[in-house]
Ligand SMILES: [Zn+2]
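In the numbering used here, the protein residues as written are 5 to 461.
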């Protein structure tokens with residue numbers, strides 16, 4: 005295993021949120037090299053454990069989610085996400101089991117296929133002025149000849165066909181049509197993750213002009229697919245299983261097809277799982293409801309496998325003296341962003357509250373008032389604590405009011421604040437916990453031991 009902790013640079017178009025996403029940042033990276041899959045699994049789990057104890061010690065509230073390996077490739081990957089509403093990554097958690105995944109990696113469970121034997125043959129109908137799903141649903145329910153007898157139509161009964169222009173890393177462009185329930189949008193982040201390293205963009209007017217078979221707003225499966233007239237690859241959402249019955253475009257302006265049955269009347273060239281994920285969607289693991297939340301990615305661990313080792317011809321002698329290609333893992337911690345995540349999770353309206361493990365000092369010692377005895381006692385305490393290896397930030401400013409000093413100490417967020425002031429004359433100092441706000445008066449001659457006890461707890 006090798007590792008580095010390094011300053012890195014990224015050509016970030018829109019740096020934002022302070023150190024959360026900057027052009028310069030600190031990363032910890034490590035790589036494991038093993039001769040077989042079992043070894044990789046071991047290295048991966050050891051890193052996982054180390055990351056858990058690292059983020060636990062940082063006092064972070066985080067989740068470990070399944071992730072897409074994306075451009076890095078490889079077989080397994082997990083992200084460590086610090087929970088915060090301002091996070092830029094969305095993830096889901098199951099309300100019942102321990103399933104958690106970032107939104108790009110959520111696998112939509114496909115429903116069992118339906119029996120469509122009593123669905124009438126597909127029929128095209130005039131549906132003027134229905135370029136949107138809402139207008140289509142409205143007209144379908146309003147007209148007696150189109151309305152369902154068992155329940156009203158909803159957007160989920162319509163099949164929306166969206167066309168994208170996909171560009172591969174060599175710059176080749178190819179259209180791709182995606183069929184999904186009309187009440188959902190294609191999630192562009194999920195699409196990018198699914199197509200990576202290719203990229204996708206919305207179909208533009210010029211693209212439509214080149215494909216006259218596509219009638220914008222009324223595209224139906226009839227003109228889609230590698231075997232169709234357009235030759236456009238057509239992938240379906242996992243919910244479009246055999247036997248499902250749809251209202252969809254008839255490939256003529258102002259017309260839609262009803263009772264078009266998947267498997268009977270149309271099929272796709274494959275499945276693509278890129279529709280938006282919603283609060284309440286079914287858990288792929290247990291079927292209960294998923295809940296959505298946001299987080300900051302603070303760590304990511306990958307089982308890379310042999311992809312890079314093969315490219316680099318990275319071989320070692322195995323136990324039989326034969327050359328074998330190694331299998332690799334890659335593991336990163338965003339050090340700067342971890343600080344941002346701590347600040348997001350650990351503050352109140354008065355300022356930061358550092359977890360003790362990463363606080364810039366153990367004790368913020370404040371001397372208040374004008375009396376020389378106070379400053380002498382505080383300096384003496386600072387010296388004793390320092391000699392005992394306790395890191396002290398000593399505010400010895402004279403002529404600064406206690407209120408200003410207290411405010412500064414709350415802003416800085418050192419976990420324990422010690423005040424030597426007025427009550428020294430009665431033999432007491434005050435010890436305050438920054439997080440809870442609890443204060444204790446402690447006898448001066450017990451102060452040192454009490455503080456040491458708190459720091460070493
Ligand atoms: Zn579940």
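From the three backbone atoms N, C-alpha and C, an ideal C-beta is built for every residue, glycine too.
Every value quoted in this text rests on a predicted model; they were computed, and no experiment measured them.
| Given 8 angstroms, three or more beta-carbon pairs between the region 164 to 176 and the region 289 to 302 | The region 164 to 176 is not in contact with the region 289 to 302.
| request: Out of 448, 416 and 439, point me to the one whose CA is closest to residue 388's CA. | output: Among 448, 416 and 439, the Cα nearest to that of residue 388 is on 448.
| request: Select from 185, 392, 268 and 298 the residue whose C-alpha is nearest the C-alpha of residue 277. | output: It is 185 whose Cα lies nearest to the Cα of residue 277.
| request: For residue 117, collect the residues of the same chain with a Cβ closer than 6 angstroms to its Cβ; drop the 5 residues on either side in sequence, then sort them by chain order. | output: Here residue 117 has 245, 246 and 247 as same chain residues with Cβ atoms under 6 angstroms from its own Cβ, once five neighbours each way along the sequence are excluded.
| said: Could you tell me the alpha carbon to alpha carbon distance between residue 204 and residue 192, rounded to whole angstroms? | reply: Between residue 204 and residue 192, the alpha-carbon positions lie close to 8 angstroms from each other.
| Would you report the Cα separation of residue 50 and residue 86, rounded to the nearest angstrom? | C-alpha separation (whole angstroms): 20 angstroms.
| query | Do you know whose CA, among 320, 37 and 180, lies nearest residue 168's CA? | reply | Out of 320, 37 and 180, 180 has the C-alpha closest to the C-alpha of residue 168.
| request: Look at the Cβ atom of residue 251, then the Cβ atom of residue 144, and state whether they are nearer than 8 angstroms. | output: Taking 8 angstroms as the Cβ cut-off, residue 251 and residue 144 qualify as a contacting pair.
| said: Please tell me whether residue 64 and residue 367 are closer than 8 angstroms, where the distance is taken between their beta carbons. | reply: No; because the gap between Cβ atoms is not below 8 angstroms, this pair is not in contact.
| task | Round the Cβ separation of residue 338 and residue 302 to the nearest angstrom and send it over; I've been treating them as touching at under 8 angstroms. | result | Confirmed, about 5 angstroms.
| query | Is any heavy atom of ligand 1 found at a distance shorter than 7 angstroms from the C-beta of residue 100? | reply | For residue 100, the shortest C-beta to heavy atom distance toward ligand 1 is below 7 angstroms.
| Hey, residue 409 and residue 372 are a contact pair by Cβ (cut 8 angstroms); roughly how many whole angstroms apart? | Between residue 372 and residue 409 the Cβ distance is about 6 angstroms, and since that is below 8 angstroms, they are a contact.
| Quick one: is the Cβ of residue 289 within less than 7 angstroms of any heavy atom of ligand 1? | Between ligand 1 and residue 289, a heavy atom-to-CB distance of less than 7 angstroms is present.
| message | According to DSSP, residue 404 sits in a beta bridge with which residue or residues? | response | Paired residue(s): none; residue 404 is not in a bridge.
| query | Is it true that the CB of residue 48 sits closer than 8 angstroms to the CB of residue 305? | reply | Yes, these two residues count as a Cβ contact at 8 angstroms.
| task | Spatial neighbours of residue 160 within its chain, please: CB distance less than 6 angstroms, with the 5 preceding and 5 following residues excluded, ordered by chain position. | result | Excluding sequence neighbours, residue 160 sits near 185 and 187.
| Can you give the Cα-Cα distance for residue 225 and residue 18, rounded to whole angstroms? | Using only the alpha carbons, I get a separation of about 39 angstroms.
| task | Quick one: which unbroken alpha helix (DSSP H) runs of 4-plus residues sit fully inside the region 360 to 443? Chain order, please. | result | With a minimum length of 4 residues, the continuous alpha helix (DSSP H) runs that stay inside the region 360 to 443 are 376 to 391 and 406 to 416.
| query | What is the DSSP secondary structure of residue 127, reduced to helix, strand or coil? | reply | For residue 127, the secondary structure class from DSSP, reduced to helix, strand or coil, is strand.
| task | Report yes if the CB atom of residue 459 is closer than 8 angstroms to the CB atom of residue 62, and no otherwise. | result | Contact flag unset, no.
| field | Counterpart residues of residue 2 in DSSP-defined beta bridges | value | What the structure shows of the chain is the stretch from 5 to 461, and residue 2 is not part of that stretch, so it cannot be assessed.
| request: Could you have a look at residue 238 and say whether DSSP puts it in helix, strand or coil? | output: Here residue 238 sits in strand by DSSP.
| Residues of its chain near residue 165, where Cβ-Cβ distance is below 6 angstroms and the 5 sequence neighbours each way are ignored | Cβ within range, chain order: 181, 183 and 223.
| said: Using only the alpha-carbon positions, how far apart do residue 381 and residue 424 sit? | reply: Rounded to the nearest angstrom, the gap between the Cα atoms of residue 381 and residue 424 is 8 angstroms.
| Three-state class that DSSP yields for residue 75 in the structure shown | Because residue 75 carries a pLDDT of 48, less than 50, the predicted location of this residue cannot be relied on, and the following value inherits that uncertainty. Three-state DSSP puts residue 75 in a helix.
| query | I think residue 445 touches residue 427, with their Cβ atoms under 8 angstroms apart; what is that distance to the nearest whole Å? | reply | Confirmed, about 7 angstroms.
| said: Just to confirm, is the Cβ distance from residue 259 to residue 128 under 8 angstroms? | reply: Between residue 259 and residue 128, the C-beta spacing is below 8 angstroms.
| field | Near ligand 1: residue 292 beta-carbon under 7 angstroms from a heavy atom | value | A heavy atom of ligand 1 is found nearer than 7 angstroms to the CB of residue 292.
| query | Are the beta-carbon atoms belonging to residue 354 and residue 296 less than 8 angstroms from one another? | reply | No, Cβ-Cβ distance for residue 354 and residue 296 is not below 8 angstroms.
| From the DSSP output, which residues share a beta bridge with residue 195? | Residue 195 has no beta-bridge partner at all, per DSSP.
| query | Any heavy atom of ligand 1 closer than 7 angstroms to the CB of residue 103? | reply | Yes.
| One or two residues paired with residue 286 in a DSSP bridge | Answer is 293, bridged to residue 286.
| How many Å lie between residue 264 and residue 151 at the Cα? | Their Cα atoms are separated by approximately 15 angstroms.
| Candidates 170, 352 and 123: closest to residue 419 by CA position | Of the listed residues, the one whose Cα sits closest to residue 419 is 352.
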